[in-house]
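Student:
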Amino acid sequence: MTKHVYVARQPILDKNSDIFAYEILYRDSPKSSKIENDRYASASVISSILNKFGTEQLLGNKRAFVKVDEKFLLNDIIYSIPKEFFVFSIFSNVAMSPRVVERIGQLYTDGYMLAIDNIKLSEELFEKYSAVLDDFSYCKIFIEDDLKALVNKLHLKNIKVIGVKIEDAQTQEKAKSLGCDAFEGYYFAQPKVIENAQYNPTRMAVLRLYNILMEDRSIDEAADEFERNPEITVQLLQFINSAAFSFRKKISSIHHVIVLIGRIQLAKWLMLMIYSKSVASSFEISPLMLMVKNRTELMDRILREIRPDARSNMLGEAYMVGVLSLMDTLFSMPLKKILDNINVSDEVRDALLEDKGLFGDIYKVVRSMEHMDINAIVDFEMKYKLAPNKIKNIIIEAIEEVAKLENPNEVEE
């Protein structure tokens with residue numbers, strides 16, 4: 428019987444808050460939080476990436492950390508896996524037996540990258556891995572007090588240290604102060620609400636433009652507003668002309684965009700672009716933008732599955748739930764306050780603030796997917812009578828779309 432495995436990507440960010448790699452997460456359904464047979468899990472994940480979906484669609488130009496147990500480590504199948512795409516993250520409970528030590532040395536000599544997976548950093552680590560520590564490129568650690576000296580000790584071995592389970596800014600700051608080189612978790616998506624926070628003027632201009640487009644005012648009025656904000660226009664055109672979109676010729680003006688694809692599609696892209704690292708300068712993808720893109724893809728695809736007859740206005744509302752869902756993080760103020768300044772329907776508002784209605788249900792399960800809450804996903808599948816594997820396939824399709832945005836090459840004219 429084919430096992431039902433959910434796959435997801437968790438971003439690993441460097442000190443500049445850029446994604447430098449992904450942890451590939453996998454969960455069985457419906458009850459277990461992790462597949463019981465770790466060797467099967469690792470093999471199935473890697474074989475999924477290589478054979479079913481392709482590394483480029485799933486990873487772009489990033490490496491993937493995948494968890495590896497002792498049996499998988501010692502199986503010769505490991506040599507069939509291309510070393511340029513993966514980092515083997517060896518479970519911390521794997522004993523350093525002579526066979527394991529020999530295999531780690533062989534993999535290192537053959538150019539494979541290795542990591543120690545999710546460990547409580549202590550002096551015992553250096554004793555346990557003394558024979559092979561020089562063969563590791565990364566060590567993934569839980570963040571605790573008084574680890575700076577031990578982190579420095581790893582650095583002396585040229586091992587990069589990745590802090591794991593980092594879900595808020597405070598933990599990330601602590602990991603930074605310990606000397607961690609990278610950070611795994613969704614801390615970058617957590618809102619830091621600042622009392623009396625001021626709207627960024629450029630982002631406010633984007634919200635104004637969005638309202639003009641959605642209120643069905645004239646094309647000339649919309650184009651005039653864009654002309655008053657040339658930096659936004661330049662960025663939006665860079666965004667639209669990237670390889671994430673499939674226009675055969677470069678689009679050169681906002682008038683051209685509106686005529687070609689319509690004001691609603693333009694408004695959607697504008698709202699996605701607001702998550703760029705700096706809206707006021709050159710267009711640059713941010714982890715937040717990729718997370719929002721993933722949410723919008725999931726919202727849209729799940730709605731189409733539940734309501735195959737959904738019309739464009741309903742699909743547009745589902746998209747807006749996804750695209751607005753991280754605005755509180757972007758503006759450092761409560762989402763309700765931001766929504767008061769944007770022209771959105773009651774259904775979108777209720778979904779975002781209270782998880783109400785069909786959009787609310789979908790939005791809730793999208794968040795469950797990010798944290799691999801399999802019970803919540805399976806409950807959703809049962810409630811809406813979705814076919815087996817349907818959500819799993821939707822997750823992979825969404826990842827592929829995000830990868831296209833993440834690795835934009837200029838489209839040739």
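The working numbering puts the first residue of the sequence shown at 428, with every later residue one more than the last.
For every residue, glycine included, the Cβ atom is placed at its ideal position computed from N, Cα and C.
Quantities reported herein were computed from a predicted structural model and do not represent experimental measurements.
Counting Cβ pairs closer than 8 angstroms, one from the region 578–589 and one from the region 522–539, do we hit at least three?
Tutor: Output reads no: the region 522–539 does not touch the region 578–589.
Student: Quick test of your reading: I446 and P438, contact by CB under 8 angstroms. State the CB separation rounded to the nearest angstrom.
Tutor: Against the sequence shown, residue 446 aligns to sequence position 19. Against the sequence shown, residue 438 aligns to sequence position 11. Indeed, because the Cβ distance is near 5 angstroms, the residues count as touching under 8 angstroms.
Student: Who are the near neighbours of N488 in its chain, counting only those whose CB is closer than 8 angstroms to its CB and skipping five residues on each side?
Tutor: On the sequence shown, position 61 is the one that residue 488 refers to. Same-chain partners within the cutoff: N834.
Student: Would you kindly report the start and end of the unbroken alpha helix (DSSP H) that includes L757?
Tutor: Taking the sequence shown and counting its residues from 1, the one referred to as residue 757 is at position 330. Taken as a continuous stretch (DSSP letters only), the alpha helix (DSSP H) holding L757 covers 754–758.
Student: Would the region 737–756 count as touching the region 764–775 if we require 3 or more Cβ pairs under 8 angstroms?
Tutor: Flag = yes, the region 737–756 and the region 764–775 touch.
Student: From the DSSP output, which residues share a beta bridge with R490?
Tutor: As a first step, residue 490 must be located in the sequence shown, where it is residue number 63. A448.
Student: Tell me whether A649 is buried or exposed, calling it buried when 16 or more other Cβ atoms sit within 10 Å of its Cβ.
Tutor: In the sequence shown, residue 649 corresponds to position 222, counting from 1. Flag for A649 reads buried.
Student: Could you tell me whether the region 718–727 touches the region 824–833, where touching means 3 or more Cβ pairs closer than 8 angstroms?
Tutor: Yes: the two stretches touch, three or more of their Cβ pairs being nearer than 8 angstroms.
Student: Given I589, which residues of its chain have a CB within under 8 angstroms of its CB, disregarding the five upstream and five downstream residues?
Tutor: Counted from its first residue, the sequence shown places residue 589 at position 162. Within the same chain, I589 has close Cβ partners I439, A542, Y565, C566, K567, I568, C607, D608, A609, F610, E611.
Student: Tell me whether the beta-carbon of A491 lies closer than 9 angstroms to the beta-carbon of A435.
Tutor: Counted from its first residue, the sequence shown places residue 491 at position 64. Counted from its first residue, the sequence shown places residue 435 at position 8. Contact: no.
Student: Name, in chain order, the residues that DSSP records as bridge partners for G439.
Tutor: The residue given as residue 439 occupies position 12 in the sequence shown. Note that residue 439 is Ile in the sequence shown here, rather than Gly. I439 is bridged to A448, E611.
Student: Kindly list the residues whose CB is nearer than 6 angstroms to the CB of Y393, restricted to its own chain and excluding five residues on each side of it in sequence; keep chain order.
Tutor: A question about residue 393 goes unanswered here, because the residues of the chain that appear run from 428 up to 840.
Student: Could you tell me the distance, in whole angstroms, from the CA atom of H682 to the CA atom of K603?
Tutor: Here residue 682 refers to the residue found at position 255 of the sequence shown. Here residue 603 refers to the residue found at position 176 of the sequence shown. Using only the alpha carbons, I get a separation of about 46 angstroms.
Student: Roughly how many whole angstroms lie between the Cα atoms of E654 and S739?
Tutor: Counted from its first residue, the sequence shown places residue 654 at position 227. Counted from its first residue, the sequence shown places residue 739 at position 312. One C-alpha to the other measures close to 28 angstroms.
Student: Quick one, which of N579, Q617, A737 has its alpha-carbon nearest E594's?
Tutor: The count along the sequence shown starts at 1 and reaches residue 594 at position 167. If we check each option's Cα against that of E594, Q617 comes out closest.
Student: Taking the alpha helix (DSSP H) that L541 falls in, what are its first and last residues?
Tutor: Along the sequence shown, read from residue 1 onward, the residue named residue 541 stands at position 114. Counting along the chain, L541 falls outside any alpha helix (DSSP H), though it belongs to the beta strand (DSSP E) covering 540–546.
Student: Whole angstroms is fine: what's the gap from I496's alpha carbon to R794's?
Tutor: Position 69 of the sequence shown holds residue 496. Position 367 of the sequence shown holds residue 794. The identity of residue 496 in the sequence shown is Asp, whereas the question assumes Ile. Approximately 29 angstroms between the Cα atoms of the pair.
Student: With 9 angstroms as the threshold, decide whether the Cβ of L785 is near any Cβ in chain D.
Tutor: Looking for chain D here will not work: only one protein chain is present.
Student: How many Å lie between A745 and I546 at the Cα?
Tutor: Working through the sequence shown from its first residue, we reach residue 745 at position 318. Working through the sequence shown from its first residue, we reach residue 546 at position 119. Straight-line Cα distance between these residues: approximately 40 angstroms.
Student: Just how far apart, CA to CA, sit Y613 and M760?
Tutor: Counting from one through the sequence shown, the residue named residue 613 turns up at place 186. Counting from one through the sequence shown, the residue named residue 760 turns up at place 333. Y613 and M760: Cα-Cα distance of roughly 18 angstroms.
Student: Under the rule that 16 or more other beta-carbon atoms within 10 Å means buried, what is R690, buried or exposed?
Tutor: Start at 1 with the first residue of the sequence shown, and residue 690 comes out as number 263. Classification of R690: buried, given that the 10 Å Cβ count is 16 or more.
Student: Using DSSP with H/G/I as helix, E/B as strand and the rest coil, what is G590?
Tutor: Numbered from 1 along the sequence shown, position 163 holds the residue referred to as residue 590. Three-state DSSP puts G590 in a strand.
Student: Is the beta carbon of L577 less than 9 angstroms from the beta carbon of S557?
Tutor: In the sequence shown, the residue the question calls residue 577 occupies position 150. In the sequence shown, the residue the question calls residue 557 occupies position 130. Cβ distance not < 9 angstroms, so L577 and S557 don't count as in contact.
Student: Does the separation of the CB atoms of M700 and V633 fall below 9 angstroms?
Tutor: The sequence position of residue 700 within the sequence shown is 273, counting from 1. The sequence position of residue 633 within the sequence shown is 206, counting from 1. Yes, the pair counts as a contact, with Cβ atoms nearer than the cut-off.
Student: Return the chain-ordered list of same chain residues with a C-beta closer than 7 angstroms to the C-beta of M796, the five sequence neighbours on each side being excluded.
Tutor: Here residue 796 refers to the residue found at position 369 of the sequence shown. These residues qualify, in order along the chain: A435, L725, I804, I822.
Student: Verify whether the separation of the beta carbon atoms of I517 and L500 is less than 9 angstroms.
Tutor: Looking up residue 517 in the sequence shown gives position 90. Looking up residue 500 in the sequence shown gives position 73. Cβ distance < 9 angstroms, so I517 and L500 count as in contact.
Student: Quick one: give me the first and last residue of the beta strand (DSSP E) that S795 is part of.
Tutor: Translated into positions along the sequence shown, residue 795 becomes position 368. Counting along the chain, S795 falls outside any beta strand (DSSP E), though it belongs to the alpha helix (DSSP H) covering 784–797.
Student: Can you tell me whether Q597 is buried or exposed, with buried defined as 16 or more other CB within 10 angstroms of its CB?
Tutor: By 1-based counting over the sequence shown, the position of residue 597 is 170. The residue is exposed, with fewer than 16 neighbouring Cβ atoms inside 10 Å.
Student: Applying the 10 Å Cβ sphere with the 16-neighbour rule, what's the burial state of I531?
Tutor: The residue you call residue 531 lines up with position 104 of the sequence shown. Answer is buried; the Cβ neighbour count reaches 16.
Student: In whole angstroms, give me the CA-to-CA distance for A522 and V514.
Tutor: The count along the sequence shown starts at 1 and reaches residue 522 at position 95. The count along the sequence shown starts at 1 and reaches residue 514 at position 87. Near 19 angstroms, if we compare the C-alpha coordinates of V514 and A522.
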